[in-house]
Amino acid sequence: MSNTETQPAELRCRASLPDGPEPPASRVEVLSPRRVPLGGPRAMTVRRTLPQRARTLIGAWCFADHYGPDDVAGTGGMDVPPHPHTGLQTVSWLFSGEIEHRDSLGSHALVRPGELNLMTSGHGISHSEVSTARTTVLHGVQLWVALPERHRHTGRDFRHHVPRPVRVDGGEARVFLGSLAGDTSPVPAFTPLLGAELTLEPRATTTLTTDAGFEHGLLVDRGRIGMAGTLLHPAELGYRGPGHRTLTLTNETDAPARAVLLGGPPFGEQIVMWWNFVGRSHEEIVRARQEWQDASDRFGGVEGYDGDRLPAPALPNAVLTPRRNPAPPPGGTR
Ligand code: MN
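Counting in our numbering, the sequence shown runs from 160 upward without gaps.
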């Protein structure tokens, strides 16, 4: 997906720092979404929880958009023309509907519920995303992973994986990246990562074994879920810092609940994000934007999309604003 903000801000993002502000008293921080229109008069809106002022990264996860369930008849669904990315991977994960993906690697794929589609931009890629004609309800998440310095100029790549559902107490997990509940995704990552869909039966509680070196984010899709004792509502993202060997989740409703669990060790590098680019400096962002506007080979071309490519928005007049990720909330190994 493209960041469709008409005046995107440039953000400097970094993981927890020892000189950060006092951490909040509670162990789990609740991050509320802001609504961002996807463009067009009837367009669907997405709920964005990353990046935001309070927190910009969870592990290498640097962007989280949650959308739907969206009646495509009313909104026209998704039609994102060819647009570029640098320095990141995109994770498309659907709960319902279908999206046709085309990229400058030559990939042409259908993104379907429960199936991971992971695109690595490396130095530069372009792609389009269009919900298919048979889609009636569109519902899912779009996530970005920042690439570490060593690998951020790597080549383009596209991977597809269908995780088998694995049983956890009171529910199921679909592990699309990393390891959880005895399952490990075969899709490689450039930093340790966890990405999994979790469903919980009504009123169920589950305790997951987690990597104590990971910080975690729980993005609630449906139901109200207690994350280590803190109640999260739909579209909220709960954050918990490293230092815990387990994570207890409770479905506080009488209906099935669903969430996406993200994790990874705090990302050890400061990144700069603007529009669809992840870089390390304002100058890199300016160059990437110019190369997209100049139709440079850096991003390649998308075959088969019916329409024009997306022009980059104007660069902000304001000088880049430093952003910091606050220290994780306190809490020892449990
Ligand atoms: Mn995109």
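Just so it is clear, CB atoms sit at the ideal spot from N, CA and C, and this is done for glycine as well.
Under the three-state reduction of DSSP output, Q166 falls in the coil class, being neither helix nor strand. Per DSSP, reduced to three states, the secondary structure at V346 is coil, with no helix or strand assignment. The beta carbon of E331 is closer than 6 Å to those of P324, T358 in its chain, skipping five residues each way along the sequence. Counting only the Cα atoms, L396 lies some 5 Å from L377. In the DSSP assignment, Q452 forms no beta bridge with any residue. Per the CB criterion, closer than 7 Å to any heavy atom of the ligand MN, the qualifying residues run in chain order as M160, S161, V239, H242, H244, T249, H286, E288, N435. CA-CA distance, V321 to G385, rounds to 28 Å. The beta-bridge partner set that DSSP reports for Y464 is empty.
Counted as a single uninterrupted DSSP element, the stretch harbouring G376 is not any alpha helix (DSSP H) but the beta strand (DSSP E) occupying residues 374 to 381. For the options L264, G273, G233, the alpha carbon positioned closest to that of G283 is the one of L264. Distance from the CA atom of R326 to the CA atom of F349, rounded to whole angstroms, is 27 Å.
Annotation for V431: E169, L170, R171, C172, V437, G438, R439, S440, H441, E443, I444, L479 place their beta carbon closer than 8 Å to its own, counting only its chain and skipping 5 residues before and after. Linking L302 to R214 through their CA atoms gives a straight-line distance of about 15 Å. In the three-state scheme derived from DSSP, where H, G and I count as helix and E and B as strand, G299 is classed as strand. Counting along the chain, V231 sits inside the alpha helix (DSSP H) bounded by residues 231 to 234. The beta carbons of T369 and T407 sit no closer together than 8 Å. By the CB criterion at 8 Å, L421 and H392 fall outside the cutoff. The segment 235 to 247 makes contact with the segment 284 to 302: 3 or more CB pairs, one atom from each, lie closer than 8 Å. The beta carbon of H312 sits closer than 7 Å to the beta carbons of G281, H282 from its chain, once the five residues preceding and following it are set aside; these are given in chain order. Separation of E360 and R318 (C-alpha to C-alpha, rounded to the nearest whole angstrom) is 30 Å.
G354 sits away from I217, with the two beta carbons spaced by 8 Å or more.
According to DSSP, residue pairing for S285 in a beta bridge involves P243. For L420, DSSP records a beta bridge to A355, L377. Note on Q452: under 16 other CB atoms within 10 angstroms of its CB, so exposed under the neighbour-count rule.
With 16 or more other Cβ atoms inside 10 Å of its own Cβ, Q248 counts as buried. Where E257 is concerned, there is no enclosing beta strand (DSSP E), because DSSP gives it neither an H nor an E.
Cβ-Cβ separation between N435 and S161: approximately 6 Å, consistent with a contact (criterion under 8 Å).
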